[in-house]
Each structure stands twice: as C-alpha cells, then as structure tokens.
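Student:
2 protein chains.
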Amino acid sequence: METITIKDIARALNLSTSTVSRALRNSYEINTETKKLVMEYAEKMNYRPNPIALSLRDSKSKSIGVIIPEIANNFFSQLINGIESIAYNLGYHVVIFQSHESYEREVANTNYLVSRKVDGLLVSLSSLTTNLHHFEELMEKGLPIVFFDRVPNEIETHKVVADNFFGSYEATEHLIKTGRKRIAHITSPIYLSITTERLAGYKKALEDYGIAFDESYVKYCHHGGKLASENEAAMQELLDMAEPPDAIFPASDRLTTGCLAVLQKNNIRIPDDMAIVGFTNIGVAELLNPPLTAVVQPAMEMGQQAVELLIKLIEHPKKTIEYETKSFRTSLMIRESSTGKVHA
Amino acid sequence: METITIKDIARALNLSTSTVSRALRNSYEINTETKKLVMEYAEKMNYRPNPIALSLRDSKSKSIGVIIPEIANNFFSQLINGIESIAYNLGYHVVIFQSHESYEREVANTNYLVSRKVDGLLVSLSSLTTNLHHFEELMEKGLPIVFFDRVPNEIETHKVVADNFFGSYEATEHLIKTGRKRIAHITSPIYLSITTERLAGYKKALEDYGIAFDESYVKYCHHGGKLASENEAAMQELLDMAEPPDAIFPASDRLTTGCLAVLQKNNIRIPDDMAIVGFTNIGVAELLNPPLTAVVQPAMEMGQQAVELLIKLIEHPKKTIEYETKSFRTSLMIRESSTGKVHA
DNA sequence: TCCCCTCCCGGCAACGTTCCCGACAACGAT
DNA sequence: ATCGTTGTCGGGAACGTTGCCGGGAGGGGA
Numbered sequence: 001m002e003t004i005t006i007k008d009i010a011r012a013l014n015l016s017t018s019t020v021s022r023a024l025r026n027s028y029e030i031n032t033e034t035k036k037l038v039m040e041y042a043e044k045m046n047y048r049p050n051p052i053a054l055s056l057r058d059s060k061s062k063s064i065g066v067i068i069p070e071i072a073n074n075f076f077s078q079l080i081n082g083i084e085s086i087a088y089n090l091g092y093h094v095v096i097f098q099s100h101e102s103y104e105r106e107v108a109n110t111n112y113l114v115s116r117k118v119d120g121l122l123v124s125l126s127s128l129t130t131n132l133h134h135f136e137e138l139m140e141k142g143l144p145i146v147f148f149d150r151v152p153n154e155i156e157t158h159k160v161v162a163d164n165f166f167g168s169y170e171a172t173e174h175l176i177k178t179g180r181k182r183i184a185h186i187t188s189p190i191y192l193s194i195t196t197e198r199l200a201g202y203k204k205a206l207e208d209y210g211i212a213f214d215e216s217y218v219k220y221c222h223h224g225g226k227l228a229s230e231n232e233a234a235m236q237e238l239l240d241m242a243e244p245p246d247a248i249f250p251a252s253d254r255l256t257t258g259c260l261a262v263l264q265k266n267n268i269r270i271p272d273d274m275a276i277v278g279f280t281n282i283g284v285a286e287l288l289n290p291p292l293t294a295v296v297q298p299a300m301e302m303g304q305q306a307v308e309l310l311i312k313l314i315e316h317p318k319k320t321i322e323y324e325t326k327s328f329r330t331s332l333m334i335r336e337s338s339t340g341k342v343h344a
Numbered sequence: 001m002e003t004i005t006i007k008d009i010a011r012a013l014n015l016s017t018s019t020v021s022r023a024l025r026n027s028y029e030i031n032t033e034t035k036k037l038v039m040e041y042a043e044k045m046n047y048r049p050n051p052i053a054l055s056l057r058d059s060k061s062k063s064i065g066v067i068i069p070e071i072a073n074n075f076f077s078q079l080i081n082g083i084e085s086i087a088y089n090l091g092y093h094v095v096i097f098q099s100h101e102s103y104e105r106e107v108a109n110t111n112y113l114v115s116r117k118v119d120g121l122l123v124s125l126s127s128l129t130t131n132l133h134h135f136e137e138l139m140e141k142g143l144p145i146v147f148f149d150r151v152p153n154e155i156e157t158h159k160v161v162a163d164n165f166f167g168s169y170e171a172t173e174h175l176i177k178t179g180r181k182r183i184a185h186i187t188s189p190i191y192l193s194i195t196t197e198r199l200a201g202y203k204k205a206l207e208d209y210g211i212a213f214d215e216s217y218v219k220y221c222h223h224g225g226k227l228a229s230e231n232e233a234a235m236q237e238l239l240d241m242a243e244p245p246d247a248i249f250p251a252s253d254r255l256t257t258g259c260l261a262v263l264q265k266n267n268i269r270i271p272d273d274m275a276i277v278g279f280t281n282i283g284v285a286e287l288l289n290p291p292l293t294a295v296v297q298p299a300m301e302m303g304q305q306a307v308e309l310l311i312k313l314i315e316h317p318k319k320t321i322e323y324e325t326k327s328f329r330t331s332l333m334i335r336e337s338s339t340g341k342v343h344a
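Chains A and B, in that order, are what the protein sequence lines are. Position one of the first sequence corresponds to residue 1 (the UniProt record's numbering), numbered consecutively onward. Position one of the second sequence corresponds to residue 1 (the UniProt record's numbering), numbered consecutively onward.
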C-alpha cells in the first residue's frame, strides 16, 4: 500500500512540500513551469491526495451520512439511488446506515457517523423514535441535517416528503368511488409524521364522501422485523370483526406485503371480498396476484432533492436560510386489486 | 462542533498528552490514581477519540468497502444485512457502493474506497467487468479483498458463493420431473462465474435425464437498467420459436421479474403454457401471480461469512493462509409457477 | 545608488493521536 | 556513598496536507 504523497513529490523534484501543494492547486504564486513539472510528475506517479489528512486538517470529510430504517425496501433503495447519483457528481461520499426501526441503533449510528466527521446527515426516522435529543444536539452544534419521508415536526430544518395527505386521500377516494364502504387503514405508529398525514388524508376522503370514520378500522403497527406478527394480528382482528372491512389500505411497503400474505393465507379473494390499495413502491406490483393498485412515491427524486438541500446547507452555512419542506406528489397506479376487472 | 480532545484533557489536568493517552489506554506505566483521574474526567466530558486522527496515524480506518451491482435487489440487500450485523459487532464500519453493472463505476468506486483507506474490500463483480486489473493491483499492494456471489476465477483469495451448480441442477431437475421437455435458460453474460456455474448445472440435469441440450434455448442478457429491453427481446425470441419452450429458468432476480412481465404482457398462462422457476431471493415470491417457484440463496449467511473472512484477512495479514471458497447450498421453494396446482 | 515591489519559493505550525526516548525521583543493594 | 532498578511522567516526532509568514532575487523608478 505504498501510496505516493506530496512529500515524495517534493523530494523527487527538489522542492518544498508547500510548493508542491500550491502547484497542484494551481496557485497563482507558482511559476508556470514549476507547476507543469509538478503536475506532470504527480500525474505520472498517480498521486491522489490523502482524504484522511485533509479531513483531519479542516475537519471536513466530503461525505454525508444516511440513516434509514432499512435497505431491503424498494422505497428506500430507490431513494438511495437518487442520493448517490447527486452526491457522486458533487464530490460527496455516501455512508449508509440502517436503524432497523430501532431507536438505540439510530442513536448509535448517529454517534458513529458524527465521530467519523460526516459533513451532514440525511435521516428518515425509525418507527420507534420518539426522543429527538440526539439530532437536536447535533443541530445546535451546527451539523446540517435534512430529514426525509419520516420527518419530525419538532425540528426546524429542510425536509423532503411525499404529499402523504394527497396520496392517501386519492387512494381512499378511489376505493370509495369503486364502491367500498368499510375501508380499513393499517398504518405505522402514530408518532410518525407519515402516519398522521396519511391518516388525515384517509379521514378527509371519508368525510368528503359522507362515510363515518370508525376508529376500529384503523390499526397501528410497527414496521420492524420481529414485529411482523403485529401486522398479522391486526389483520386478523379486522377479519374477525362483526362487520369486516371490504377494503384495506396499508400505509407502507412492509405493511402492504404483510397484509397480502395474510389475505392469501385466509383465502380471501381480492378484490371480490376485499379490495386493497398499498402505499408502496414495490417493483413487482403488477406481477402480484392480483396486480396491486399502489400509491407510488417518486423515491428517486425525493432522494435527489434531499441531498441537494443538504449539500447546500453544508456549503453555505453562514446564510441564515429559510428552511423549506419540499413535498412531492404521489401517483396512484390503479390495477386489479382494487377494481376487479379481468382476473386470470 | 467543539469536540474535546486529548490535549484539552491534558491541559485541564495539568498533564502531558502522552500521559493522558496512556492513561486512557490503561497503560501499566501510569499511576493508578492518575489513570482514574483522567478516565473520570474523560467520561465526564464525553471524550471520544478522533477516528480520523487514528486513521491518519496508522493508516487503518476500521472500515470496509462493499461494491455490489445494485442495492435495489433483494439478494444484495439481504446480503448487506448480513455484512452489517457482523461488521458492526467487530467494530467495523461498512461503506456501500453500487457499480450499477458498469465497469467504469466499479473502477471509480474501487479507487475512491481505496483513497478513503478502507481496510479491505468486499466485492461482487459487475456484469460488464472483464478486466480485473484494478483488483489485482490492489491485492498485490496487500489490500485484502473477498469476493462473493460473482467471483473471478483469475484472482486467488477468499470467496463466498452459493452452490450455483446444485441450485441450477435442482431447479432444472424439478422442471423435468414435472413433465417439461423444452426448458429455456435466461442468464447473465457468460464471463460471470454465476453464469457458467448455473449453466453447467442446467446442462448436467438435462444430460442426466436424457434431454438434448439446445443452445437456442439459452439466452445471455445483462442485468443493468437500460438493458432491460435486452431481456424482453430475448424472451420474445424464445416465444417466437417454432418450438417455443414449455418452461423457463431465469438465473437472477432481475431476469426473473423481467421474464414474468413479458409473459404477463403476452397473456401466457403460467404454468399451463409455460412453467417458470426463478433463481431469486425476491421477498414476495409467494404473492406473485402465480406464486413463484424459486431457488433461494442464503444471502444473509453469505454476507456474514464473507465479512468474517475479510476481517480475518485484515487482522492477521502475516499468516500466509490457504485461501478458501465457501459454498452455500441453495434451497428450492416449490410453488405454483412450476407445478400448477390450484390457481385462483 | 537606493528603495520598493513583484515573483517565487521554503520553513513552520497545526489538525489529534500514539510511540519512542529519555528524565527524574525514590529505593534497595552493594 | 555509589549504582542499578522501578515507577511515573514529559518531550518530540510522525502520519499528509495547507496556510501563514518570511525571504531572496530581480526589476523598475526616483
């Protein structure tokens, strides 16, 4: 691993390290020929500045940390693609951590990333996070943070979200218009921003169409791995009701597939006995049985927007900026799970 | 971002930095009381050693780089979960990069990770990589690399793979035993290890059951995004044959969903007109239409094994080790896409 | 001739940490 | 009293880079 340093170049060319450094940065106070000499030699020896030394010097790492609940989820992995494409072009390095829906791991990851001197953080909250102290502290210390998807109300900074109210309204409206009366909503814990927003859209649609809101048709579940049974239990409760729902609207990727599995296991015909519309970016929605109607978020664009805002924050820290919340429209992809056209 | 350093502690306690450093490392040559004093003060002030300074000092970063074709793929994201769980416990930090099936990006990512001084690399080759020079060079310089899934024959190091031959044999055998005669195989470019191994298993099963191998039933496609049309074209060629196949065996996640989409678009009944078995870790296989028979790889375990081997290599570099190739058995999950039982 | 200014370039410190090399006191042994 | 030992600690260098300061050579103007 003998990497060449500025010192090596200086020694080889009989110059000082300062001169070499400035020559490489194309400083005006270095003779043109000297610059050429240095740059050609550096090129020849394949010199690459040591980013660690640079980080130590001016405590900047040209890297940003991303904390998400989990990677194995289409919405988040698409979002990461968006983040990476932009960050890469702007010379930033992306470090990804998963909270696995655990508050403790979220805190641990945050601390780790900060000790690694990331220049900023991109965060989507874990479903078990109620205490935001670890982020508040960092923001007070001046570390730029941009939240996306699951964002905290209590913290003021840039945020990037989908128009959850609209997406949820549109989905619910669609179910109503296709004749459903008893629409259940399975969603995340109530202290998540996406939960309240989607719940609100759901309620508003019911209200606008004169359907009474029934709390017993709403179930709150965690997303996390071990808690998948929670999802199943909630579904079972719904199915066991005196008047079970005739449609279900799960509010996330994980919940959607969970619901589908339970319905399939109980041999419930979709959409005949139960319509379903998922708030999900799952890639194979049209290959499902039946093809799944879905509220799709522009995940890639959301990732791009988030990282752009973050980098703006990093590179212009002085500017006391108006923090903004970018909202992206979702799109409703109507398929058979909610309409029941042909059905192979 | 005023973080406390060893110097601050030294100044506050009227000691030298050396003493503080040794006290914190619990060195035997420091007075017990002094140690206690230092450690308590450090604890109180929430001192955390600066990993960047440490990296600079002994050019180790306690971090490992992962280069994979893409994250938005169940096999790889499960694998990453395995990698992270182990690495985290062993005090290593995981940096993930996607090659997006591009040779250029693979090289760029490799260089970047190396310049960031990762202690080792975990790599699954892009489908367009034929030149391995960038990895060979690093290995000569002493950087530990472990390959997984798509591994190069030409490089000697630890490797972690699925038993692709077996998985492919078993899938093909299953199709034969359920009465299929003309089994097509859609796979990756031939210079990928997984391609040749899976192809070999496929051929062997045909041979063992007395079915002649027909090259025109094998199609080679790239995985990458823009090249999805390639997959579609290959499928169409198969369907347009004089004697089209009665079963299809795609060799990866992406290819499997691609094939399913084409079949659906052409209104081909599965499994009546065409059976399908996918070499895929897709999470919703049983929710597909129809539920998909799949060769599943123990992705998480493979990730764990790979990172364990890598860290062993990193931490015991002197030991001239016998390089080993760990092979994991796949499991065949039989569902309706290949059997055609009930079919809602 | 003297002075000042411009053009180049080198020396040094600093970022945070550890390691090597000493230094000095106290103490027992000779 | 002298010497080596042990127990504690400090000083300095080093990792790679950049910024500040300073300095010499050469040229132009008074």
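All residues carry an ideal CB built from backbone N, CA and C; glycine is no exception.
(1) Per the DSSP calculation, S327 (chain A) is bridged to which residue(s)?
(2) S63 (chain A) lies in the beta strand (DSSP E); which residues open and close that run?
(3) Can you find a C-beta in chain A that's less than 7 Å from the C-beta of A234 (chain B)?
(4) If you measure from the beta carbon of M333 (chain B) to each beta carbon in chain A, is any gap under 7 Å?
(5) Less than 7 Å between C-beta atoms, sequence neighbours within five positions excluded: which residues of the same chain meet that for L24 (chain B)?
(6) From the DSSP output, in three-state form, read off L125 (chain B) for me.
(7) Taking Cβ-Cβ distances shorter than 7 Å, what residues in chain B pair up with T172 (chain A)?
(8) T110 (chain B): which of B:I67, B:G142 and B:S127 sits nearest, CA to CA?
(9) Which value, in whole angstroms, describes the spacing of the CA atoms of N46 (chain B) and I4 (chain B)?
(10) When burial is assigned at 16 or more other CB atoms within 10 Å of the CB, is L90 (chain B) buried or exposed?
(11) Check the Cβ of K44 (chain B) against every Cβ in chain A and list those closer than 8 Å, keeping chain order.
(12) Whole angstroms are fine: how far does the CA of V307 (chain A) sit from the CA of F76 (chain A)?
(13) Can you check whether the C-beta of S21 (chain B) is within less than 7 Å of a C-beta belonging to chain A?
(14) With a floor of 3 residues, list each beta strand (DSSP E) that falls wholly inside the segment 143 to 229 of chain A, ordered by position along the chain.
(15) What residues from chain A crowd round residue 345 (chain B), counting only those whose CB sits closer than 7 Å?
(16) Please list, in chain order, all residues of the same chain as residue 347 (chain A) whose beta carbon is under 6 Å from its beta carbon, the five residues on each side excluded.
(17) Check the DSSP bridge columns for A294 (chain B) and list the partner residues they point to.
(18) Establish whether the CB of L121 (chain A) and some CB of chain B are separated by less than 7 Å.
(19) Starting from the beta carbon of T257 (chain A), find every residue of chain B whose beta carbon is closer than 8 Å, and list them in chain order.
(20) Let me make sure I understand the geometry here. Which of B:L310, B:H316 and B:S331 has the alpha-carbon closest to that of I83 (chain B)?
(21) Listed from N- to C-terminal order along the chain, which residues in the segment 179 to 199 of chain B have their beta-carbon within a distance smaller than 9 Å of any beta-carbon of chain A?
(22) For the beta strand (DSSP E) that contains residue 350 (chain B), what are its first and last residues?
(23) So, is the C-beta of K62 (chain A) closer than 7 Å to a C-beta in chain B?
(24) Where does the unbroken alpha helix (DSSP H) through I268 (chain B) begin, and where does it stop?
(25) Please state the DSSP three-state secondary structure of V114 (chain A).
(26) From the DSSP output, in three-state form, read off I30 (chain B) for me.
(27) Hey, S337 (chain A) and P271 (chain A): beta-carbon distance below 7 Å or not?
(28) Taking the beta carbon of E170 (chain A) as the centre, do at least 16 other beta carbons fall within 10 Å, making it buried, or is it exposed?
(29) Find out if the Cβ-Cβ distance for the pair P245 (chain A), A184 (chain A) is shorter than 7 Å.
(30) Check whether the Cβ of Q78 (chain A) lies closer than 7 Å to any Cβ atom in chain B.
(31) Going along chain A, which residues have a C-beta under 7 Å from K117 (chain B)?
(32) Considering only their Cβ atoms, is the gap separating T280 (chain A) from T256 (chain A) smaller than 7 Å?
(33) Let me know if R116 (chain A) comes out buried or exposed under the rule of 16 or more other beta-carbons within 10 Å of its beta-carbon.
(34) Okay, do the segment 145 to 165 of chain B and the segment 124 to 133 of chain B touch, 3+ Cβ pairs below 8 Å being the bar?
(35) Return helix, strand or coil for I96 (chain B), following the three-state DSSP convention.
(36) Helix, strand or coil, according to DSSP, for G120 (chain B) in the structure here?
Tutor: Judging by the given coordinates:
(1) Sequence index remark: in the first sequence, residue 327 (chain A) carries index 327 (1-based). Answer is A:V161, bridged to S327 (chain A).
(2) By one-based count along the first sequence, residue 63 (chain A) stands at place 63. Per DSSP, S63 (chain A) belongs to the beta strand (DSSP E) from S63 to I68.
(3) What you label residue 234 (chain B) is simply residue 234 of the second sequence in a count that begins at 1. Taking Cβ atoms only, chain A never reaches closer than 7 Å to A234 (chain B), which makes this a no.
(4) Counting from 1 along the second sequence, the entry for residue 333 (chain B) is found at position 333. Output row for M333 (chain B): interface = no.
(5) On the second sequence, position 24 is the one that residue 24 (chain B) refers to. The answer, listed in chain order, is V38, M39 and A42.
(6) Numbered from its first residue, the second sequence carries residue 125 (chain B) at position 125. Correct three-state label for L125 (chain B): coil.
(7) Translated into positions along the first sequence, residue 172 (chain A) becomes position 172. Neighbours of T172 (chain A) in chain B, taken as residues at a C-beta separation under 7 Å, are lacking, since the least C-beta distance is about 23 Å.
(8) Looking up residue 110 (chain B) in the second sequence gives position 110. Closest option to T110 (chain B), Cα to Cα, is B:I67.
(9) If you number the second sequence from 1, residue 46 (chain B) lands on position 46. If you number the second sequence from 1, residue 4 (chain B) lands on position 4. Answer to the nearest angstrom: the Cα atoms are 8 Å apart.
(10) The residue you call residue 90 (chain B) lines up with position 90 of the second sequence. Around the beta carbon of L90 (chain B), fewer than 16 other beta carbons sit within 10 angstroms, so the residue counts as exposed.
(11) Here residue 44 (chain B) is taken as the residue at index 44 of the second sequence, counted from 1. Going along chain A, no residue has its Cβ under 8 Å from K44 (chain B), so there is no contact; the nearest lies around 17 Å.
(12) Here residue 76 (chain A) corresponds to residue number 76 of the first sequence, with the count starting at 1. Here residue 307 (chain A) corresponds to residue number 307 of the first sequence, with the count starting at 1. Separation of F76 (chain A) and V307 (chain A) (C-alpha to C-alpha, rounded to the nearest whole angstrom) is 14 Å.
(13) By 1-based counting over the second sequence, the position of residue 21 (chain B) is 21. Under the 7 Å criterion on CB atoms, S21 (chain B) is classed as non-interfacial with respect to chain A.
(14) Uninterrupted beta strand (DSSP E) stretches at least 3 residues long and entirely within the segment 143 to 229 of chain A occur at 145 to 148, 159 to 162, 183 to 187 and 218 to 220, given in chain order.
(15) This structure cannot settle anything about residue 345 (chain B), because the visible part of chain B is limited to 1 through 344.
(16) As displayed, chain A neither begins before 1 nor continues past 344, which places residue 347 (chain A) out of reach and without an answer.
(17) Stepping through the second sequence from its first residue, residue 294 (chain B) is reached at position 294. Paired residues: B:G278 and B:M333.
(18) Start at 1 with the first residue of the first sequence, and residue 121 (chain A) comes out as number 121. Interface annotation, L121 (chain A): not in contact with chain B, CB-CB separation never under 7 Å.
(19) Residue 257 (chain A) sits at position 257 when you count from the first residue of the first sequence. From the beta-carbon of T257 (chain A), the residues of chain B found nearer than 8 Å are G283, V284 and L287.
(20) Sequence index remark: in the second sequence, residue 83 (chain B) carries index 83 (1-based). Answer by Cα proximity: B:L310.
(21) Within the segment 179 to 199 of chain B, no residue has a Cβ that lies closer than 9 Å to any Cβ of chain A.
(22) One cannot answer for residue 350 (chain B) here, as it falls past the ends of chain B, which runs 1 to 344.
(23) As a first step, residue 62 (chain A) is located in the first sequence; it is residue number 62 there, counting from the start. Chain B, which has no Cβ nearer than 7 Å to the Cβ of K62 (chain A), makes this no.
(24) Taking the second sequence and counting its residues from 1, one reaches residue 268 (chain B) at position 268. Taken as a continuous stretch (DSSP letters only), I268 (chain B) belongs to no alpha helix (DSSP H), as it is neither H nor E.
(25) Indexing the first sequence from 1 puts residue 114 (chain A) at position 114. In the structure shown, V114 (chain A) sits in a helix (DSSP, three-state: H, G or I).
(26) Numbered from its first residue, the second sequence carries residue 30 (chain B) at position 30. Three-state result, I30 (chain B): coil.
(27) Within the first sequence, numbered from 1, the residue matching residue 337 (chain A) stands at position 337. Within the first sequence, numbered from 1, the residue matching residue 271 (chain A) stands at position 271. Between S337 (chain A) and P271 (chain A), the C-beta gap is smaller than 7 Å, which places the two residues in contact.
(28) Translated into positions along the first sequence, residue 170 (chain A) becomes position 170. Result: buried.
(29) As a first step, residue 245 (chain A) must be located in the first sequence, where it is residue number 245. As a first step, residue 184 (chain A) must be located in the first sequence, where it is residue number 184. Going by C-beta atoms, P245 (chain A) is nearer than 7 Å to A184 (chain A).
(30) Walking along the first sequence from the start, residue 78 (chain A) turns up at place 78. Residue-level contact check: Q78 (chain A) touches chain B, since one or more beta carbons of chain B fall below 7 Å from its beta carbon.
(31) Walking along the second sequence from the start, residue 117 (chain B) turns up at place 117. What K117 (chain B) touches in chain A: I52.
(32) Your numbering for residue 256 (chain A) matches position 256 in the first sequence. Your numbering for residue 280 (chain A) matches position 280 in the first sequence. It is a contact, given that the beta carbons lie within the stated cut-off.
(33) Here residue 116 (chain A) refers to the residue found at position 116 of the first sequence. Counting C-beta atoms within 10 angstroms of its own C-beta, R116 (chain A) has 16 or more neighbours from the protein chains shown and is therefore classed as buried.
(34) Counting Cβ pairs under 8 Å, three or more are found: they touch.
(35) By one-based count along the second sequence, residue 96 (chain B) stands at place 96. When secondary structure is reduced to three states using DSSP, I96 (chain B) falls in the strand class.
(36) As a first step, residue 120 (chain B) is located in the second sequence; it is residue number 120 there, counting from the start. Looking at G120 (chain B) - three-state DSSP - the assignment turns out to be strand.
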